[in-house]
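Residue numbers (UniProt numbering), protein chains in the order written: chain W, 1 to 221; chain D, 1 to 221. First the structure, in the form of structure tokens, and then the observations on it.
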DNA sequence: AGGCTAATGACAGCCACTGACACTTGACAA
DNA sequence: TTGTCAAGTGTCAGTGGCTGTCATTAGCCT
């Protein structure tokens, strides 16, 4: 970090305004619903004009994803740090879990973990937000695929395996998120448990006969 | 089909208006872009009021997905018709391919295949539409998971495998669609080829070591 | 202190979408 | 056939997300 030299009043003010907008937005979204809160309300809560809100965020949704974005960036870093001897899916699995374990450090400067969990559930249960979430995930997947390809010394566009592996992983993560938000335990531990449980089912789910207890998943993650 | 008795003038008129709106919308979307065409333009092209458009479609996007919806319904039918001895992923794979093979019969009453392909590409390349597409896909996945579970005599909520299998399949299909739209061959054959090629990579992509040419995908689809 | 520029507010306007109400037009029974 | 009813449509007014423009304010830097 070479941004240690204090950023100057102007920058600090901007950061504070932005964080305040995010906080106000998430608080309003999670308490009265996404569609039922207007941008004017958010702006008023922070005492800025509506126009200013749109100078910080391209749209109402963007505010809803501001914190999630931080965690995704962190996740990518964690994947990059994984030792090269791990298989792609093993590296991805460990990185996600580690990301959840360090969630608080990542976001505490903006909002408490509890509000973030409520936001996450809101996203999963609000059609308009879910749609955006899935598209954002698709973008993340592309970055992941390139990372994995680089890791394995492959060409993403020549070899389908990086994208396929990421698609499989990501598909399972989606089911996880959906199942978590549909349940009633909104804790980080609950997510962790679901992730490991579902990832362990990838091998078995691909075998021909679901009634045999064979070890087909033996050499898959 | 017990809808053989001619539906009456009122119904037929409604259907014609709806089809005309879809055609006009897709034609405009694909020629001048989704965001740049207004609902007023679509309505005017069919000579109805803007209000009427919104009586047929909940939103501008819904018109963009009207045809895709028909193909998805058909796909579900095909999955249901698959013989029970096929493994889940095998059944899904054959159903998708068959769906593409019979595309024209499914949609010809509304638009030509060529316009549909252009629409599909538009969806993949327009952020707002891609987001909705992914959400709609998620809904489809849920239906698929229930179908597969029923097929295998399992409880969807107790056994994770149906959802995981569908997630894997669906994730790969997504990559396929994305790769197809990024290429320059917008034919049905091109999609078919991509689908088979990518599905064949699921097994290999999950193995530990990507440098060995082992047969790890042997008993997976 | 004073000039420069980034950040903001105020205002006007576009477009997607909705509710309310009046009018037109198939459907169907007398 | 005609009259009645309900479904379908047009018009209008209004809300909310979002953008361009321009004048004003407020950090920054010499």
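Here a beta-carbon is modelled for each residue, glycine too, at the ideal position from N, C-alpha and C. Since the structure is predicted, the reported quantities are computational estimates derived from the model, not experimental observations.
Per DSSP, residue 100 of chain D is one residue of the alpha helix (DSSP H) stretching across 88-101. When the beta-carbon positions are compared, residue 164 of chain W and residue 202 of chain D come within less than 8 angstroms of each other.
For residue 69 of chain D, the closest C-alpha among the options D:20, D:10, D:116, D:170 is that of D:116.
Under the three-state reduction of DSSP output, residue 201 of chain D falls in the coil class, being neither helix nor strand. Rounded to whole angstroms, the gap between the alpha carbons of residue 142 of chain W and residue 180 of chain D is 15 angstroms.
Secondary structure note for residue 34 of chain W: it is in no alpha helix (DSSP H), with a DSSP letter that is neither H nor E.
For residue 128 of chain W, the enclosing alpha helix (DSSP H) starts and ends at 127-151.
Rounded to the nearest angstrom, the Cβ distance from residue 161 of chain D to residue 210 of chain W is 6 angstroms, consistent with a contact under 8 angstroms. Ranking W:136, W:125, W:14 by CA distance to the CA of residue 55 of chain W puts W:14 first. Counting C-beta atoms within 10 angstroms of its own C-beta, residue 206 of chain D has 16 or more neighbours from the protein chains shown and is therefore classed as buried.
Distances from the CA of residue 90 of chain D to each of D:208, D:200, D:178 were compared; the closest alpha carbon is that of D:200. When the Cα atoms are used, residue 95 of chain D and residue 168 of chain W turn out to be separated by approximately 20 angstroms. Cβ contact annotation for residue 61 of chain W (same chain, cutoff 6 angstroms, sequence separation greater than five): 132, in chain order. For residue 84 of chain W, the nearest beta carbon of chain D is not closer than 8 angstroms to its own beta carbon. The Cβ atoms of residue 39 of chain D and residue 17 of chain D lie no closer than 8 angstroms to each other.
Distance from the CA of residue 57 of chain W to the CA of residue 154 of chain D, rounded to the nearest whole angstrom, comes to 45 angstroms.
Neighbours of residue 201 of chain D in chain W, taken as residues whose beta carbon is under 8 angstroms from its own, are 160, 161, 164 in chain order. Around the beta-carbon of residue 183 of chain W, fewer than 16 other beta-carbon atoms lie within 10 Å, marking it exposed. Taking 7 angstroms as the cut-off between beta carbons, the residues of the stretch 127-141 of chain W near chain D are 127, 130, 131, 132, 134, 135, 138, in sequence order. For residue 135 of chain W, the closest of D:93, D:127, D:139 by C-alpha to C-alpha distance is D:127.
In the structure shown, residue 17 of chain W adopts helical secondary structure according to DSSP, grouped into three states. In summary, the residues of the stretch 169-195 of chain W whose CB is separated from some CB of chain D by less than 7 angstroms are 170, 171, 172, 174, 175, in the order they occur in the chain. Counting the other CB atoms within 10 Å of its CB gives residue 6 of chain D a total below 16, which places it among the exposed residues.
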